[in-house]
Each structure stands twice: as C-alpha cells, then as structure tokens.
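Scroll down for the structure; my scribbles are underneath it.
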Amino acid sequence: MLERTKSFLERHERRLSISAFLGGFLWDSLTLTRIDRLYENLMLGAYLLIAFAGIVLLNAHGAGRLRGAVIAKGMSLIRFALPFAFGGLFSGFLIFYFRSGTVLASAPFLLALLVFFLGNELWKKHYERFTFQMSIFFVALFSYITLVVPVFVKQIGTGVFVGSGILALVVFFLLVKAIHLVSREEVERSYRTLIPMVIIIFITFNFLYFNNMIPPIPLALKESGVYHSISRTKSGSYILSSEYPMWYEFGRQTGAVFHRKGNEPVYAWSSIYAPTKFDTSIVHRWLHLDDMSGEWVSEGAIPFAISGGRLEGFRGYSVKSNISPGKWRVDVETPRGAVIGRLTFTIVDSNIAPPLTIETR
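Each residue of the sequence shown is one higher than the last, beginning at 1 in UniProt numbering.
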C-alpha cells in the first residue's frame, strides 16, 4: 500500500501540488471567516501540529532513530505533508491579515506572507535542512500567536504584541529542545545558523509592527461611507442619508463625490468587526489633500470606543463642520495609528441639494 502510494505521489507530484495549492487556497478563502471561531483555530492549530510532527519525524529518521523499509517509504508522505501544512498556514494568515487593514499601509507584511505562501511550492528541496525547516516554522508560529493572543485577552496594543512575541520565542525554543531529544547532532550543528535567523525574523516582525505595517488583527472594517446626515433612533438603529454611488464605483457604500450645499457638515461612517467582549477604541483621522504639496495633511482625529461581538460590525461615526472643498480621506485607525481601513472622497460645493438615499443600519 505504501509502495503504491509513494509511486503515485512521485509520478503525479507536480499536478498534486498545484491542485492542492489552488484548492486549498480556495477552500480557506470560503471557510476561514473569523479568527475567534473554533473551526478556524482548529484548522490553523492542526496545520502547525502537522508541520512540527513532520519536522520531528524527518530529523528522527535522519538521525537513525526511525528505521526500517516501511519508515523509509513513509518519509515520502512526510516530505509531501510538510509543505502542505506550511501552505495551509500561510494561506490562512494571508486571508486573515488581508481582511484586516489596508493593502497599502500593510503592503510589506502582506507581501512577505504572499512570498512565503507562493514560495512554499518552490522551496521543497530546502525542507531537508533543519535551519530552513525551523526558520519557516518560527515565522508561522509567530504569525499564529500574534493572531490569536489578542482574541483571548480581548484587546490589542503594544503590550499584547510584545508579549505574543516573547511567548512565540519561548514556545519555539521549547520545541527545538524537544527535537534535540531525537536529533541531537543535527540540532547542535544548526544552532550557529538557526539562532541568527530567529533573531532576524523576530526583529523584522517588531520593525513591521512598530511602523504600523502589520494589520491590526482581529479588527476588520466591514463597511464605510460618507454621509449627509446620520441620526440614531430610540431602538439603537441608525438612519443615514447619502448620495448613491455611480455604477462604476465598485465596492463603495456611498458616492465618491460629496455634493455639499451651503456649509452642511460631513459625516464619516464605519462599521468594524471585533470578537465578542473585545473592547478597544477607534480613531477617525480626517486628512485633506494639499494641492500645492500633493501631501495628505491631518485635520484632526476623533476617537470613540467600540465593543465587539456584533457580526455586522460595531457602528460608529464622526462629523466635521466648516470643511473645505477638495479631496479628503478618513483613516480608520487603532489608538496607536495602525490603519484598519480607509475612506476617500471629494467634496464639491453645490447650489442644489443632491438626490439622497435613506437607509437604516
């Protein structure tokens, strides 16, 4: 049975890899929705467990701890399972982090995850090396821990991220010690290259975080828009009036041009998903494009608190009066400046009130 399986894998390795690659990413895109759900954590946890078990078995076999014809044939399955597990992990990370934050603000981090995800198919030969195995595993472990710890402690912030990083280091070196029990010589021989790699990865994660390049998981912007009026009813619903987007303005809840009559105020609306019992503050930072310098100039930040648990997102808005015409942007941020989402629009003075649509949220 093992011989037939091994032969099948070797003959169809490329087709199986591409099929698993595309099918796995499509499946993850459809099924991985919320990081606070049990299913998502079981999936990512299982991928981590498979990856670690594969590393242990490969190195135990290389050290001569696992012998026999059956074991040797089974190593082909392990060599297939290891990149499969890493592919599943980085696919999940890419999906979750992409949904939280903006592409431009988080581009370096998202690009790195994309490289790990796509490169996983090209690096299979390198998985024989312990330093490479554990370096990729540390990236996955760090990404996972910084993803789930905020969900468990119900908050985000510098302290939570730093604590998550320290936890990732502790868990990682405990796992290295465990592998040391079955492959002592390989682990000791790899310390000289593995430790510098781990330090570089750790510093890179912290550099990206403190420069607001890591999306503020688990927060995610569900919707946003610019409105002419917003009022709250006694039942807790919101009544909003806005200009309907043009047919070509895909993905927008409201029009990209705000036709202002007189000196009416401008309302920025956002709906943000956060896990149950997750309490934090959100900031609406208003910015105006300076025509002379071509740079965005901050015109003030308006904070408000949110409480998680509402599937459609926690609703909130800010309002600006005496606002000048031109291009505007509202960044939806965490208190330390990490961008959750971004709303852009142009204000145009008009003598005629535009047709408005009324909706209830």
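Here a beta-carbon is modelled for each residue, glycine too, at the ideal position from N, C-alpha and C.
Can you tell me whether residue 59 is buried or exposed, with buried defined as 16 or more other CB within 10 angstroms of its CB?
-> Position 59 of the sequence shown holds residue 59. Burial call: buried.
Among 336, 297, 235, 278, which has the Cα closest to the Cα of residue 303?
-> On the sequence shown, position 303 is the one that residue 303 refers to. It is 336.
Just list the alpha helix (DSSP H) runs in the UniProt domain "DUF2914" (279-347), keeping only unbroken ones of 4 residues or longer that don't cross its boundaries, in chain order.
-> none
Are residue 297 and residue 254 touching if we call contact CB-CB under 8 Å?
-> By 1-based counting over the sequence shown, the position of residue 297 is 297. By 1-based counting over the sequence shown, the position of residue 254 is 254. Not closer than 8 Å, so no.
Nearest to residue 54 (by Cα), restricted to the options 230, 327, 137 = One-based indexing of the sequence shown puts residue 54 at position 54. Considering only alpha carbons, the answer is 137.
Where the alpha helix (DSSP H) containing residue 140 begins and where it ends | As a position in the sequence shown, residue 140 is number 140, starting the count at 1. Note, residue 140: alpha helix (DSSP H), 130-153.
For residue 178, does the count of other Cβ atoms within 10 angstroms reach 16, so buried, or fall short, so exposed?
-> For the purposes of this step, residue 178 is taken as the residue at position 178 of the sequence shown. The residue is exposed, with fewer than 16 neighbouring Cβ atoms inside 10 Å.
Take residue 273 and list the residues in its own chain whose beta-carbon comes closer than 6 Å to its own, dropping the five residues that flank it on each side.
-> For the purposes of this step, residue 273 is taken as the residue at position 273 of the sequence shown. Counting only Cβ-Cβ distances below 6 Å, and skipping sequence neighbours, we find 220, 222, 313.
Given that a residue counts as buried once 16 or more other Cβ atoms are within 10 Å of its Cβ, and exposed if not, what is residue 27?
-> Along the sequence shown, read from residue 1 onward, the residue named residue 27 stands at position 27. It is exposed - the Cβ of residue 27 has fewer than 16 other Cβ atoms within 10 Å.
If you draw a straight line from the alpha carbon of residue 260 to that of residue 194, how long is it in whole angstroms?
-> On the sequence shown, position 260 is the one that residue 260 refers to. On the sequence shown, position 194 is the one that residue 194 refers to. Straight-line Cα distance between these residues: approximately 60 Å.
Going by C-alpha distance, which of 358, 39, 146, 89 is nearest residue 52?
-> In the sequence shown, residue 52 corresponds to position 52, counting from 1. It is 89.
Ignore the nearest five residues each way along the sequence and tell me which others in residue 263's own chain have a CB closer than 8 Å to its CB.
-> In the sequence shown, the residue the question calls residue 263 occupies position 263. The answer, listed in chain order, is 321, 322.
Look at the alpha carbon of residue 183 and the alpha carbon of residue 189, and state the distance between them as a whole number of angstroms.
-> Along the sequence shown, read from residue 1 onward, the residue named residue 183 stands at position 183. Along the sequence shown, read from residue 1 onward, the residue named residue 189 stands at position 189. Spanning the two alpha carbons is a distance of roughly 10 Å.
Between residue 149 and residue 29, what straight-line distance do the alpha-carbon atoms span, to the nearest angstrom?
-> Residue 149 sits at position 149 when you count from the first residue of the sequence shown. Residue 29 sits at position 29 when you count from the first residue of the sequence shown. Going from the Cα of residue 149 to the Cα of residue 29 covers about 22 Å.
Closer than 7 Å by C-beta to residue 151: which residues in its own chain qualify, once you throw out the five before and the five after it? Chain order, please.
-> Taking the first residue of the sequence shown as position 1, residue 151 is located at position 151. Cβ neighbours of residue 151 beyond the five flanking positions: 35, 36, 218, 275.
Expected contact under 8 Å - CB spacing of residue 361 and residue 240 to nearest Å | As a first step, residue 361 must be located in the sequence shown, where it is residue number 361. As a first step, residue 240 must be located in the sequence shown, where it is residue number 240. So it is a contact: roughly 6 Å between Cβ atoms.
Is residue 155 closer than 8 Å to residue 279 when the C-beta atoms are compared?
-> Within the sequence shown, residue 279 is the residue found at index 279, counting from 1. Within the sequence shown, residue 155 is the residue found at index 155, counting from 1. Yes; because the gap between Cβ atoms is below 8 Å, this pair is in contact.
Under the DSSP definition of a beta bridge, which residues are partnered with residue 349?
-> Your numbering for residue 349 matches position 349 in the sequence shown. Paired residue(s): 260.
Looking at C-alpha atoms only, which residue of 333, 56, 319, 340 is the closest neighbour of residue 176?
-> One-based indexing of the sequence shown puts residue 176 at position 176. Answer by Cα proximity: 56.
Element boundaries [beta strand (DSSP E), containing residue 225] = Position 225 of the sequence shown, counted from the first residue, corresponds to residue 225. Run containing residue 225: 220-227, per the beta strand (DSSP E) assignment.
What span of residues does the alpha helix (DSSP H) with residue 276 cover, start to end?
-> In the sequence shown, residue 276 corresponds to position 276, counting from 1. Premise fails: residue 276 is in no alpha helix (DSSP H) and is neither H nor E.
Taking the CB atoms as reference points, tell me whether residue 243 and residue 325 lie closer together than 8 Å.
-> Taking the first residue of the sequence shown as 1, we reach residue 243 at position 243. Taking the first residue of the sequence shown as 1, we reach residue 325 at position 325. No, the Cβ-Cβ distance between residue 243 and residue 325 is not below 8 Å.
Who are the Cβ neighbours of residue 249 in its own chain at under 8 Å, not counting the five residues just before and after it?
-> Position 249 of the sequence shown, counting from 1, holds the residue named residue 249. Only 255, 256 meet the Cβ criterion.
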